[in-house]
Each structure stands twice: as structure tokens, then as C-alpha cells.
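Just so you know, the sequences run in chain order A, B, C and D.
Under full-length UniProt numbering, think of the first position of the first sequence as 1, with each following residue one higher.
Under full-length UniProt numbering, think of the first position of the second sequence as 1, with each following residue one higher.
Under full-length UniProt numbering, think of the first position of the third sequence as 1, with each following residue one higher.
Under full-length UniProt numbering, think of the first position of the fourth sequence as 1, with each following residue one higher.
All residues carry an ideal CB built from backbone N, CA and C; glycine is no exception.
Report on the following structure.
4 protein chains.
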Amino acid sequence: MSLTKRRLAHIVFESNDRASKMFDVILLILIFGSVIVAILDSVADLRAEYGRIFFVLELVFTFLFTIEYILRVWLTSKTMKYVFSFYGIVDLLAILPVYLSFFIANVQLLTVVRALRLLRVVRILKLGRYLAEADFIQKSLKASLAKIQIFLFAVITIVLIMGTLMYIIEGPETGFTSIPRSMYWAIVTLTTVGFGDITPETPLGQFVASLIMLLGYAIIAVPTGIVSAEMAKQKNPEHHASTRTCTHCGKDGLDRDDHFCKNCGYPLD
Amino acid sequence: MSLTKRRLAHIVFESNDRASKMFDVILLILIFGSVIVAILDSVADLRAEYGRIFFVLELVFTFLFTIEYILRVWLTSKTMKYVFSFYGIVDLLAILPVYLSFFIANVQLLTVVRALRLLRVVRILKLGRYLAEADFIQKSLKASLAKIQIFLFAVITIVLIMGTLMYIIEGPETGFTSIPRSMYWAIVTLTTVGFGDITPETPLGQFVASLIMLLGYAIIAVPTGIVSAEMAKQKNPEHHASTRTCTHCGKDGLDRDDHFCKNCGYPLD
Amino acid sequence: MSLTKRRLAHIVFESNDRASKMFDVILLILIFGSVIVAILDSVADLRAEYGRIFFVLELVFTFLFTIEYILRVWLTSKTMKYVFSFYGIVDLLAILPVYLSFFIANVQLLTVVRALRLLRVVRILKLGRYLAEADFIQKSLKASLAKIQIFLFAVITIVLIMGTLMYIIEGPETGFTSIPRSMYWAIVTLTTVGFGDITPETPLGQFVASLIMLLGYAIIAVPTGIVSAEMAKQKNPEHHASTRTCTHCGKDGLDRDDHFCKNCGYPLD
Amino acid sequence: MSLTKRRLAHIVFESNDRASKMFDVILLILIFGSVIVAILDSVADLRAEYGRIFFVLELVFTFLFTIEYILRVWLTSKTMKYVFSFYGIVDLLAILPVYLSFFIANVQLLTVVRALRLLRVVRILKLGRYLAEADFIQKSLKASLAKIQIFLFAVITIVLIMGTLMYIIEGPETGFTSIPRSMYWAIVTLTTVGFGDITPETPLGQFVASLIMLLGYAIIAVPTGIVSAEMAKQKNPEHHASTRTCTHCGKDGLDRDDHFCKNCGYPLD
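This is the structure in C-alpha cells:
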């Protein structure tokens, strides 16, 4: 690898000196700019007036992202691994649909893909203290995963049985036209969202609905309890994590920055 | 019990070799298939077009579940205990109504019963690590049960008093036509579901409604706190998980740093 | 106090033998019966048909509650203290309005007061294990009270400022006709109830509403966190509650059912 | 500083003797009175009838607040620091707009500013035990801040992607007229507010909406878990509260049962 190429790779992949930080900041601005243009472009009034500008901006963003993608493919030492990695695919999806749209006129797919560009921000945001915190949340959620899955399975079983019950009690007159629609209503109710687009009208239907609401109100405690307990557990890992031991008296659990054993006073190395 | 019968029983009740796992997987597919057919059958458009196919599929599923039920009754050593067990009744309810429907044309009851088939999935899903997690959630909920019951009693008292109050303040003009209906509204509001099918219109009604909402927002902390505390407590079961046993008297659960058996006073090694 | 009076007082105030338990059960049935009649009486259809029966039942209930009240006043040793205690007032309110209604025809007040009868259930329900649990919840809530009050003050400040802001942004066209009404909407939104009777229509209004919703979604963590932490703290009182100490070696914290000191092996009495 | 000025400063800034407490109480009444007048003034019916009285009261309040502001500026020793402090600006905003309104007739801005006066209450309410509790909540929230920010960033990413998806699935017929509006709906749904002003009508839209609701129902556990864990942790601050200091090297925070300074090895007494 030549020196220039190594320097470029440093700028693109790292973020610990001026040039590489500048690269990240510019990229962040481009991503947010591109997402904001996509959002504004969806407002009918704004598209009518500024549609042309939005289109040109989109082309500019895509052109710059294409250069970035080519740079990444060229500079990375494990090209194939990058291309088929999660972020490799996100990077490709951030540009490919724009080129495809010249041939196939599916504007809608294009819009979603442009929103997905926001995911690219995650990679760039390697901000020191946030990383550790994000890692903490991720670990807690991973540790809770199996329990949350069981909870979701229980919720779906409740939703199916309650949805079917309400479909029979209320019937199509009040909006419970089919079991899938009743299940949609059961989810709206159990999660305490409560749109009100479908509501029970019969006294029996309102009674069963009340039971579902109380159930939803009570079982929200389950995921919260799971995550809280997991987070409380994860909270003090470093406290007992030290395995440093005094070679003189064998006292363990010494802090990493101690200079002398706190039990016998022997100097530590 | 003959060898063939023993082999069959193993396939039906266990899930630790190829044949028995295959049996479970086929059963899972049949259950989910049957539930999905019941759901699709409830959509008017689909029933109009594929009603016949759904009917035939239902017969096939019922026939196969009947064979399974007969197998279970025949193969189990404690027949009566199985028949009147929770799952024995769920298994029977999964097939009986279809046969009854040939004589009594109550399609609605049939639909609920078919949804109940989903409960059968629970028995089959004896997936190792999920079992321990489900057990943990169950234990936490059981330990919280008495507190949750008290909480629900308090909620129902609030709902009755607030429902009556709103019935008097708002009156039948704005939908608060009776105390039961007002209580339904109070549950909708207290659980933060908020359909919006009934809403207070008078300033005083809106003021009381605000109090109920703030109350509902605050007291959700109670069940969550209960379950969180219970889960945090259950988290460290190793505390009493000691398997150290006195060689003299057989007393188990001794602490690791005990020097003498706390039951018989025998010196521990 | 005569023997008969003492026996009667025991039946009315205690619940540890057959007669006193029977008294409590009959009273519970009367209270629930009276509340259910009040609820059913509010349904127009039922009142039209069974209004007379409800009225007679109400008179019977009131007559019996009156006898009970007179009994309590007569039997209690500290009459004045009882009459002006919380339950003394609830007991009086459970009967007085019915008599007043013969003179003043305010049926509405009557209905609320009858709902308040449910509060009387609380006194009777001195069920062993529930008492300890209820006590636990009460203690946790009392310990959290000051923090919850601060939280509610913060919520009301947010509601006032956000309500005023939305009143100005949206204006009377979309239902935000006054600050009190805007504050009602802000509470509906912040507590995630979301009736949908008043909703922002302007883009700016929807943006501010989004902020309020995210705020409401995030700050629900505060009361929950307060109560959870308080409950987790209250959770392990008995763990260190044992004050049993070995008379031989002075080792404390011994379990109540240990027969020998786990530190020195000395037999405990 | 003269004696009179010092006495005045004590009355205005402190609250530990009769005169200074009286000053605080009067100020509290004025603030609440002014806020209540602003609220009532926004109700069309009341303004029509009592508009004049409200206007005069507003002038009186503003006059008194102006005197208070001048007093504070004059009495404080660090004038500039006060004027540009948070409360200095709040104090100025509490009076300035009223004077400006004589020249510029923007009544709306005036109303918000008057609601902001409520913030001034916070400074006065230096009630002993509440201070410690408020401090506890503040510390817990500060410690959770970074994690809550990450959570909010994740929520906004979900809202953008889900909003875009629903905009494409549902289209403008059912109210999803633009991505910003779809994002507003996604926030309404994810936070379980559920106004019901915009609701999905297509089966696919309802399916995606169900996923968003389940997601919202599950991830509320995250902020709650964060704050709960933080509060549980803050609960026992004594753990690191050791003030034991090495007399030799001055290293503080030594554990109570250390025999030698862990920094310099000097024997501790």
C-alpha cells in the first residue's frame, strides 16, 4: 500500500486527527442534508415549487456518496468482507436506487432507501463517551432478549385470542370486520395506544375491552422489569472486575491504579 | 407395554431424537397452519373465494389432531389424569367443536376454539434456554401476584368512584350515559389507552379527567416497581443456590464459609 | 361493659371466630350488593323496568347500614374518635344522603355517595397476607411521596407552558379555544392518553406536539424509577432482620431455625 | 453596603426569618395570581366580561414585579452576573413584554411570557426536604442523560424510517400526506399516545402500525430501566462516601478497613 493510499485510508476510516475528523463532519452534513431534502421533497407544496432544486441536490449527494463508496471499496484491505457487511450494503443502498430510478420509475422505493441513509450516521458517530453508553444499552437489551421474546410470544397469543373473541362479540357492524382487523385493534388496545378508529359498542364488548386494557396496563411492567433488573445487574461490573492480586500477601481485588497493597503495604508493580 | 408402543410414546411425548423432533415440527406446522386458516377464513373477501379450500383444510387439520389425541390417550400411562389436565382439555377443545359443528351450526364458537389451538404450541416449545427464562418470568409474576391483586382492587375502586363522578358531571349528552359506560371510559383513561369514543366536554369534566390521567400516569409506576423489584430480587438466586451438604446429617444449603453444620453441629471440611 | 355488649363488640370489630367472620361476610355482600344496585340503576333501560325493585333494595341496604352504624357508635369505647375518623365519616356518608333525599331531590349526589360505599370494603378486608403486601406498597409510596410531588409540580409547569404555547400556535380553529382547554390537551398528550378530541392541525403545532409526546414518553421513567428504587430498597428488610446471636462466640445474624452456631458449632437454644 | 441595604438584601434573597419569609409568600401569591389571571384571560367568555379587571390586575402585577426586579439588580453584589443568569433573564422576561406591548400589539407572545412566570416559583420554593429530593432526581437524570440521548436518537431514526414506510404504504388518501406528517403519526403511535386523527386503513399499513406499537410498548422499558438503575445506584451513595484520608500522602477515599494507604504504603491508624 502506497503512502498516499495509507493516508487516504486513515482519513476515511479513522477520526483521530484534523483531516479525518473534517471528512466525518462533511459526511455527516451530507447525510443529514440528503435526508432533509428527501423529507421536504415529500411535501406536495414544496415539491411543486422547489422540485427541481431538490432533484439537482439529490444528484449531487448521490454523486458524492458514490465517490465515497468507491473510496471505501478501494481503500479497504478486505474488500469482499466490506461489500457484504451490514454497512457495506447500507452504503450501496444509499446510492444504487438513484441510478436505478433513471431506468425504473419507482419513486416510492427510492424514498425509503433515502431514509435508510440515516443509518449511516450511526457508523460515523463514534463519539467517545456515547460509545460506552450505547454499548451498555445494547448489552442490557441482548441479555434481556430471550425474556423479551417470550413476552412478545405471550402478547401475540393474547392478541390472537382476544382479537378472535372481540370479532365474535362485536361483529362487522362496529368495525371488527375480520380477525386480522380485530387483532390490529387488540394490539392498539393492549399497547395502550388507543387510536379510537375501531371501538367496541356493545356492553359485553366494552367489558372485554376493559379487561384487555387492564391487562395491557399491568403487563407493561414485565418488559420494564426485565430491562431494569438487567441494567441494575450490569451497573456494577467494574466493581468486582479487578483481579489484581498482591504477590506478597495474596490479597486480591486491588484497584488497577494502586501503588501499594492496601492489606500489607507491599509495593505493587 | 410393547416395544412398538413404547417407541411411539417416546416419539409423541419426548423431543430428544430425530423421529420425536420431526413429530414436534410437523405438529407445530399443523397448529400454525390451522390458526392461519381460521384467521384468513374470517376475512370476507378471502372466504368468498377460497371458502371451500379453507373448509377442506380444516377437516384435514381436525382429522390429524384427532389421530394425535387418540394416540396421546392411548399412549399415556395415566389416561384419566391426562384427559382432565389443562392440556388434555385444550387438546379435546381443539377437535371436538368441529365435529359438533356438523350438528349445531354455531360457527362463531368454532372460531374462538380454533384460536385456542395456539395454546398447544406452548407445550411443544420446550426449547432449552427459553424454558429457564419463562420460568424466571413466571416466578417473578407469581411472587408479585398478591401485590398486583391489591393494586387491581385499588384501580377498580378508583374506576368506580371516578366513573360515577364523571357520569354525574358530564351526563348522557356527551356519551356518559350510565355508570358502567362511565367506568369503561374511566378504564380507557386511567390505563392511558384513550380511544376518544367518549370524551368530556364540560370544563369541570375535563378537569376531573385531567386528574384521572395524571393519576393513571403516576400509578403505572406501582405494578412496574413491584415486578422490577421482584425481578431484581430473583436475579441473584445463587445466593441460596449453595449445594454444600453436611456429610453427617445430610442438611443441604449450607453457606460456603460455615465451619460447622448449622443443623447438627458436625465440623465441616 | 356488659358481657353481651362485649360479645357484640367482638363480632362487629374483630374477625377471628365464626360469628365475627360471618358478620364481615354478610357486610361485604351488602356493600357489594348496594354498589351493584347503584350501578345497574344508572342504566336507563334497567331503571325503566326494575326501578321500583332497585328503590326498595336501596331502602333495605340503607336500613341495615343504619343499624350497623348505630351498633358501631354504641359499641365503640371512644365514640367521638370513631365518629370523626375517616371510616366514621365514610360510614355516615353511606347512609345519611338516602335520608336527606327524602327531603331534597338531588339524586346525583346520592349516586356518588353510594359509590363511596366501596371504600368501606377496605376496612373489612383484613385478609392476612394481603395486609403485609398492602402495607409494603403503602410504605413504598409514602417514601416516594416527596419525589412524586416534585415530579407532579414539574409536570404541571410543563403542562402550563406547553398548553399556552399550543394555544398561541394552533388557535381556536382547531379546538385550542383557551389556555385551560389547551392545558387539558397537554395533559391528555403528556400522559400518553391521547383521546384525539383535540388535535393539532398546523405543521408547527404538530412539531411541538411531537416534542410533548417524546417528553411524556421519556419522563414516565421518573415516577417509575422512583417507586422501583424505593421498592427495591424496602425489599430486603428481613434479610438482615435476624438479630439472633450465638451466646458462645458472639456471631450474629444467625437464621431463626438454626440449631447450632454456624461459626463455632455451639448448640443454640 | 449600608445597614438598611443589607437588611433589604437579606429580606429579598434569604428566607430564614419572619420578614424574608413574608416577602417570599407575598411573591408566591403574586406569581400564582398573575398566572391564573393569564389563564382566565384566555377564556373568551371571561375576557368579554372581566377583560378590564384582568388588564388592571396585569398592570399591578407587572408594576410590583418591576419593583422587585429593580430591588434585585440594586441589592445584588454581582449585578452583571445576576442580569445574565437564567433567573435574571426569567425575571426580566416576566416584566419586559408588558411594557413592549404598549408599543407593539402582539398579545400572543405576551401570553407565553406570562406563563413563563411560573418558572420563578422554582427559585422561591427552597423548602428544606424537597430540595434534597429534587437534587436526587436531578442527579439521577443527569447521570442518565447520555443514555437517554442515545435512546432519543434511536427513537428518531425509527420514527423517520417508519414514517417514510407508512407514507409509501398508506399514501395521501388516509392522511399520510407527507413524510413530516407521517413522522408526526409515527411519534403519536410509538409513544402510545394514539390520537387517532390519522390512522392506517390498508391491511399492510395496519400490520406495519402493529409492529410500531409493539416496538413502542417494548422500548419504553429502556428509559425506565436506565432511570431506575441510576436511581437504585444513587440510593446508596455512602458506599464511596468514605472521607478517610492518608495522613502521609493526603490520598482520600480510602476504605474504612484498609490497614495501609493504597497510594503510598504508609500504615494507617
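Exercise. In this structure, does DSSP put Phe260 of chain A in helix, strand or coil?
Worked result: strand
Problem set entry | Collapsed DSSP secondary structure at residue 290 of chain B in the structure displayed | No information on residue 290 of chain B is available, as it lies outside the stretch 1 to 269 that chain B covers here.
Exercise. In angstroms, rounded to a whole number, what distance separates the CA positions of Lys5 of chain C and Gln138 of chain C?
Worked result: CA-to-CA, the gap between Lys5 of chain C and Gln138 of chain C works out to about 35 Å.
Problem set entry | Beta-carbon gap between Ala232 of chain D and Ser140 of chain C smaller than 9 Å | no
Problem set entry | Within chain D, the residues that Val208 of chain C reaches when beta carbons sit closer than 7 Å | Correct list: empty, because the minimum Cβ distance to chain D is about 11 Å.
For this session: To the nearest angstrom, report how far apart Ile212 of chain A and Leu28 of chain C are at their CA atoms.
Result: 27 Å
For this session: Check whether the Cβ atoms of Ser178 of chain B and Val43 of chain C lie closer than 9 Å to each other.
Result: yes
Problem set entry | Rounded C-alpha distance that separates Glu58 of chain D from Ile148 of chain A | 55 Å
Problem set entry | 6 Å CB neighbourhood of Thr174 of chain D in its chain, flanking five on each side removed | Cβ within range, chain order: Glu201.
Exercise. Asp24 of chain C to Ile53 of chain D, Cα distance in whole Å?
Worked result: 58 Å
Exercise. In chain B, what lies closer than 9 Å to Gly175 of chain A by C-beta?
Worked result: Going along chain B, no residue has its Cβ under 9 Å from Gly175 of chain A, so there is no contact; the nearest lies around 11 Å.
Problem set entry | Check whether Leu75 of chain D and Phe13 of chain D have beta carbons under 9 Å apart | yes
Problem set entry | Assigned secondary structure, Asp17 of chain D (DSSP; H/G/I helix, E/B strand, else coil) | Reduced to three states, the DSSP call for Asp17 of chain D is coil.
Problem set entry | Inter-residue spacing [alpha-carbon to alpha-carbon] between Leu131 of chain B and Gln234 of chain A | So the alpha carbons of these two residues sit roughly 23 Å apart.
Exercise. Under the three-state reduction of DSSP, which class applies to Ile158 of chain B: helix, strand or coil?
Worked result: Secondary structure of Ile158 of chain B (DSSP, three-state): helix.
Exercise. By DSSP, does Ile95 of chain C sit in helix, in strand, or in coil?
Worked result: Of the three classes helix, strand and coil, the one that applies to Ile95 of chain C here is coil, per DSSP.
Problem set entry | Span of the alpha helix (DSSP H) around Thr62 of chain A | Taken as a continuous stretch (DSSP letters only), the alpha helix (DSSP H) holding Thr62 of chain A covers 44-75.
Exercise. With burial defined as no fewer than 16 other Cβ atoms inside 10 Å of the residue's Cβ, what is the status of Ser2 of chain C: buried or exposed?
Worked result: exposed
Exercise. So, Leu118 of chain A versus Leu160 of chain D, is the Cβ gap smaller than 9 Å?
Worked result: yes
Exercise. When you compare only the Cα positions, how much space is there between Leu8 of chain C and Tyr82 of chain C?
Worked result: 17 Å
Exercise. Could you give the distance in angstroms between the alpha-carbon of Val73 of chain A and the alpha-carbon of Val60 of chain A?
Worked result: Rounded to the nearest angstrom, the two C-alpha atoms are 20 Å apart.
Problem set entry | Interface flag, Ile187 of chain B vs chain C, CB-CB below 9 Å | Ile187 of chain B does not count as touching chain C.
Exercise. So, Val208 of chain B versus Ile169 of chain B, is the Cβ gap smaller than 9 Å?
Worked result: In contact: Val208 of chain B and Ile169 of chain B (Cβ atoms closer than 9 Å).
For this session: Pick out whichever of C:Ile187, C:Gly171, C:Leu214 has its Cα sitting closest to the Cα of Thr189 of chain D.
Result: C:Leu214
Problem set entry | Selected residue, minimal CA-CA separation from Ala143 of chain D, among D:Gly194, D:Glu230, D:Thr224 | D:Glu230
Exercise. CA-CA distance, Ile36 of chain D and Leu116 of chain A?
Worked result: 48 Å
Problem set entry | Whole-Å CB distance - Met166 of chain D paired with Phe176 of chain D, under 8 Å assumed | For a cut-off of 8 Å, the C-beta gap from Met166 of chain D to Phe176 of chain D is around 6 Å, short enough to register as a contact.
Exercise. Hey, Pro180 of chain D and Gly163 of chain D: beta-carbon distance below 9 Å or not?
Worked result: Closer than 9 Å, so yes.
Problem set entry | As assigned by DSSP and simplified to three states, the class of Lys5 of chain B | helix
For this session: Using a Cβ cut-off of 7 Å, pull out every chain B residue sitting near Met213 of chain A, in sequence order please.
Result: Ile187, Val188, Thr191, Val193
Exercise. What does Thr224 of chain A touch in chain B if you count any residue whose Cβ is under 8 Å from its own?
Worked result: Thr224, Val227, Ser228
Problem set entry | Any C-beta of chain D under 9 Å from that of Tyr184 of chain A | When Cβ-Cβ separations below 9 Å define contact, Tyr184 of chain A makes contact with chain D.
Problem set entry | Simplified DSSP assignment, three categories, for Lys78 of chain B | coil
For this session: Report the rounded CA-to-CA distance for Arg114 of chain B versus Ser34 of chain C, giving the unit in angstroms.
Result: Taking the straight line from one Cα to the other gives about 40 Å.
For this session: Would you please state the rounded distance, in angstroms, between the beta carbons of Pro223 of chain B and Ala218 of chain A? I believe it to be under 8 Å.
Result: Indeed, because the Cβ distance is near 5 Å, the residues count as touching under 8 Å.
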